[in-house]
Amino acid sequence: MDMKVASERRRALEQYRLRATVYDSELAVFEPMRRSAVARMNLTSGDTVLDVGCGTGLSFDPLQQVIGSGGRIIGIEQSLEMLDKSRTRVATQGWTNVTLLNTPVELANTQAQADAALFHFTHDILRNPDAISNVMRDLKPGAQVVAAGLQWSHPWAWTTNCFVMMAAMYSTTSLEGLDQPWSHLANYLDRMEVSTTLMGGGFIVSGVARA
Ligand SMILES: C[S@@+](CC[C@H](N)C(=O)[O-])C[C@H]1O[C@@H](n2cnc3c(N)ncnc32)[C@H](O)[C@@H]1O
């Protein structure tokens, strides 16, 4: 593994090792955005969904509400501490249709041809072309793809941009690509739509996997 990749992975693992216990309360303010992102996935009952960088599994409940017990969630997460929280959530809820993979996304082998993929607040993953191409390999042509997270707002929106910078420094290994976090993903999507939220500091991108 190249030294830069290894050091960024170490840094990301350390960030989330420390955050895992408080993560859910920190993210509470973004729950409406998560619900909007899941709604944009146009899921139906029985769908298989990749939750890419699933963290503590906060998206599982809104996903389950649409895909039902006949559907399947595959959560991919490299941080053991974050994934342990997912595991507890799954056990507490009694969900039997969730598979959790403890691996970097770029190395994940889901053995699925999924109907949809969600990238929710996963800047480091979105900026990793190997991770994106690996996810796209495991999607059906025409699968629904949604990404949501933080981005730079207009240059004059400095209060929003201060918030974005502080949140990004706390959550990601690099500020690279915050002007268009979805730019690598865009290479794989048709019918792409981008909307902004959080006073321009947030985005939700949706599209379908190109055949
Ligand atoms: C801000 S959290 C988002 C978690 C979840 N998607 C949510 O919406 O609450 C970002 C997550 O991505 C994970 N992550 C970052 N890079 C990763 C990679 N290359 N492979 C797998 N997980 C990764 C981190 O460990 C962290 O749990």
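Per our numbering: the sequence shown = residues 566 to 776. From the three backbone atoms N, C-alpha and C, an ideal C-beta is built for every residue, glycine too.
Legend entry - Limits of the alpha helix (DSSP H) - the one that R692 falls within: Per DSSP, R692 is not a residue of any alpha helix (DSSP H), being assigned neither H nor E.
Legend entry - Neighbourhood of R600 by C-beta distance below 7 Å, restricted to the same chain and skipping five residues each side: These residues qualify, in order along the chain: P627.
Inset, instruction - Have a look at T664, L763, A602, I769 and flag the residue whose alpha-carbon is nearest the alpha-carbon of T724. - result: L763
Inset, instruction - With DSSP as the reference, label R637 as helix, strand or coil. - result: Correct three-state label for R637: strand.
Inset, instruction - Please name the residue, chosen from Q629, G635, L704, that lies closest to Q658 on a Cα-to-Cα basis. - result: Q629
Inset, instruction - Return yes when at least one heavy atom of ligand 1 lies under 7 Å from the C-beta of Q629, else no. - result: no
Inset, instruction - Inspect the CB distances between the region 677-685 and the region 705-723 and report whether three or more fall short of 8 Å. - result: yes
Inset, instruction - Name the one or two DSSP bridge partners that H685 has. - result: According to DSSP, which records beta bridges pairwise, H685 is partnered with A713.
Inset, instruction - Could you tell me whether the Cβ atoms of L615 and D703 are closer together than 8 Å? - result: yes
Inset, instruction - State yes or no: is the C-beta of V614 nearer than 7 Å to some heavy atom of ligand 1? - result: no
Legend entry - ligand 1 heavy atom lying under 7 Å from the CB of M730: no
Inset, instruction - State the DSSP-derived secondary structure class of M606, mapped to helix, strand or coil. - result: coil
Legend entry - T621 burial status per 10 Å Cβ neighbour count (16 or more: buried): buried
Inset, instruction - Could you say if the region 741-749 and the region 686-693 meet the contact criterion of at least three C-beta pairs nearer than 8 Å? - result: yes
Legend entry - N-terminal and C-terminal residue of the beta strand (DSSP E) that N667 is part of: 663-667
Inset, instruction - Could you have a look at D744 and say whether DSSP puts it in helix, strand or coil? - result: coil
Inset, instruction - Using beta-carbon positions only, say whether G636 and T661 come within less than 8 Å of one another. - result: No, Cβ-Cβ distance for G636 and T661 is not below 8 Å.
Inset, instruction - Reducing DSSP to helix, strand and coil, say where S601 ends up. - result: helix
Legend entry - Inter-residue Cα distance where the pair is T738 and P706: 31 Å
Legend entry - N-terminal and C-terminal residue of the beta strand (DSSP E) that S760 is part of: 754-762
Legend entry - Bridge-paired residues (DSSP) for S718: Answer is none; S718 lacks a bridge partner.
Legend entry - Span of the beta strand (DSSP E), counted from its first residue to its last, around D612: Element bounds for D612: n/a, residue is neither H nor E.
Legend entry - Residue(s) in a DSSP beta bridge with E642: N667
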